[in-house]
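> In my numbering, the protein residues as written are 3 to 345.
First the structure, which I've put down as structure tokens, then a few questions once you've had a look.
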């Protein structure tokens, strides 16, 4: 398949998703939820819709791929090993998309938490264009990745050390824990704070692009923020989320930790970026210029920044946009297509 044929096929996949799919997709979504209760149908459909809109539009794909020296070969010339995370539905789709668009073969190791959705989408593409099956292979449970030319692996800080050792001989991208942060001035409207809830609560806060840390000025009044975020209170009815909320609340009470509670989210003053599920950390800053140094010190832990205040060295996204990456929003700021197409 040449590049245009691959783009056309990806666009067809986008039409399939936008049309609602079929019984096969419904079944894959149901199986995913049965195996991983975080993958509610609502969240999975949300992820699929976002992928179709941002990643599988023909014109967007053509513009995105244009700058890269993509081979004109009709068959995959290289094999790229992909180790995917499973924190939110189809979180590894963009990596697979990059490999397919570049014209290479993806050898994919799926997370046990998300093992139904991508194979179903690849299967559908194979039904429409059988030649596309040569571009993707799934590695079975208990099997190891081998025979690759490059590797992209996503995991925790602990697994990253293992990945570095095991895949160090290959050109590689190894990803570690990252989180999104929000910078508040105290001048935000209630509507803006409500929209911030999308950055916090989408996918139960499990994504690396979910806001888990707030930077607020000294003297910040949390009342309006807590009221605005209380509009997402329905999330507390999800059993796994509620269990985490109750556990954290109990932990804070037993240890005498100061915190703020609006019934569906816990806020705690903490310098760490990573926060427990159902909670968000916050930290005070004195002056706006202090933010540059504060965020720069944690650059390697930050996936993206949300807010209205300019922060040197970062692109600041509007409230509600952290979970809406475009084709050019590469995780950790590492250009995957450049990595794949480099000689």
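Ideal Cβ placement from N, Cα and C applies to all residues, glycine included.
How is the alpha helix (DSSP H) around residue 107 delimited, first residue to last?
As a first step, residue 107 is located in the chain shown; it is residue number 105 there, counting from the start. Per DSSP, residue 107 belongs to no alpha helix (DSSP H); it is in the beta strand (DSSP E), 107–111.
> Hey, quick one: how far does the beta strand (DSSP E) through residue 305 stretch, first residue to last?
Your numbering for residue 305 matches position 303 in the chain shown. Taken as a continuous stretch (DSSP letters only), the beta strand (DSSP E) holding residue 305 covers 304–309.
> State the CB to CB distance for the pair residue 1 and residue 122, rounded to an integer number of angstroms; the pair is presumed to be in contact (CB under 8 Å).
Coverage of the chain is limited to positions 3 through 345, which leaves residue 1 absent and any answer about it impossible.
> In three-state terms, what does DSSP make of residue 30?
Along the chain shown, one-based indexing puts residue 30 at 28. Here residue 30 sits in helix by DSSP.
> Give the range of the beta strand (DSSP E) segment to which residue 55 is assigned.
Within the chain shown, the letter at position 53 stands for residue 55. Element bounds for residue 55: not the beta strand (DSSP E) but the alpha helix (DSSP H), 43–57.
> Could you tell me if residue 182 is buried or exposed, where buried requires 16 or more neighbouring beta carbons within 10 angstroms of its beta carbon?
Translated into the one-based positions of the chain shown, residue 182 becomes position 180. Under this definition residue 182 is a buried residue.
> Closer than 6 Å by C-beta to residue 110: which residues in its own chain qualify, once you throw out the five before and the five after it? Chain order, please.
Here residue 110 is taken as the residue at index 108 of the chain shown, counted from 1. Once the five neighbours on either side are set aside, the close Cβ partners of residue 110 are 84 and 140.
> Can you name, in chain order, every residue of its own chain whose Cβ lies under 7 Å from the Cβ of residue 118, other than the five neighbours on each side?
Against the chain shown, residue 118 aligns to sequence position 116. Taken in chain order, the residues that qualify are 30, 33 and 34.
> Does at least one heavy atom of the ligand PLP sit under 7 Å from the Cβ of residue 131?
Among the components of this structure there are no ligands whatsoever, and the ligand PLP is therefore not found.
> Going by the beta-carbon positions, is the gap between residue 70 and residue 291 smaller than 8 Å?
For the purposes of this step, residue 70 is taken as the residue at position 68 of the chain shown. For the purposes of this step, residue 291 is taken as the residue at position 289 of the chain shown. Cβ atoms of residue 70 and residue 291: not closer than 8 Å.
> Could you tell me whether the Cβ atoms of residue 253 and residue 101 are closer together than 8 Å?
Numbered from 1 along the chain shown, position 251 holds the residue referred to as residue 253. Numbered from 1 along the chain shown, position 99 holds the residue referred to as residue 101. No, Cβ-Cβ distance for residue 253 and residue 101 is not below 8 Å.
> With DSSP as the reference, label residue 174 as helix, strand or coil.
Position 172 of the chain shown holds residue 174. Here residue 174 sits in strand by DSSP.
> Quick one: grab the DSSP three-state call for residue 252.
One-based indexing of the chain shown puts residue 252 at position 250. Reduced to three states, the DSSP call for residue 252 is helix.
> I think residue 348 touches residue 204, with their Cβ atoms under 8 Å apart; what is that distance to the nearest whole Å?
Outside the displayed span of the chain (3 to 345) sits residue 348, for which this structure offers no information.
> If the criterion is Cβ atoms closer than 8 Å, does the pair residue 265 and residue 304 meet it?
Taking the chain shown and counting its residues from 1, the one referred to as residue 265 is at position 263. Taking the chain shown and counting its residues from 1, the one referred to as residue 304 is at position 302. It is not a contact, given that the beta carbons lie outside the stated cut-off.
> At a cut of 8 Å, does the stretch 165–179 reach the stretch 141–155 through at least three beta carbon pairs?
Verdict: yes, contact present.
> DSSP puts residue 152 in a beta bridge; with which residues?
By 1-based counting over the chain shown, the position of residue 152 is 150. DSSP output for residue 152 lists 82 as bridge partner(s).
> If we ignore side chains and look at the alpha-carbon of each, how far apart do residue 288 and residue 22 end up?
Within the chain shown, the letter at position 286 stands for residue 288. Within the chain shown, the letter at position 20 stands for residue 22. C-alpha separation (whole angstroms): 49 Å.
> Near residue 242, which residues of its chain fall below 7 Å by C-beta distance, leaving aside the five closest residues on each side in sequence?
Numbered from its first residue, the chain shown carries residue 242 at position 240. Excluding sequence neighbours, residue 242 sits near 39 and 40.
> Please determine if the stretch 320–331 and the stretch 54–64 are in contact, where contact requires at least 3 C-beta pairs separated by less than 8 Å.
Counting Cβ pairs under 8 Å, three or more are found: they touch.
> Return helix, strand or coil for residue 164, following the three-state DSSP convention.
The sequence position of residue 164 within the chain shown is 162, counting from 1. Note: residue 164 maps to helix in three-state DSSP.
> Does the Cβ-Cβ distance between residue 95 and residue 78 come in under 8 Å?
Locating residue 95 in the chain shown gives position 93, counting from the first residue. Locating residue 78 in the chain shown gives position 76, counting from the first residue. Result no, Cβ atoms of residue 95 and residue 78 do not sit closer than 8 Å.
> In chain order, what residues of the same chain lie with their CB nearer than 6 Å to the CB of residue 208, ignoring the 5 residues before and after it?
Numbered from 1 along the chain shown, position 206 holds the residue referred to as residue 208. So the qualifying residues of the chain are 89 and 90.
> Following the continuous alpha helix (DSSP H) through residue 347, name the residue where it begins and the one where it ends.
There is simply no residue 347 to check, as the chain begins at 3 and stops at 345 in what is shown.
> Under 8 Å between the Cβ atoms of residue 224 and residue 269?
Here residue 224 refers to the residue found at position 222 of the chain shown. Here residue 269 refers to the residue found at position 267 of the chain shown. Closer than 8 Å, so yes.
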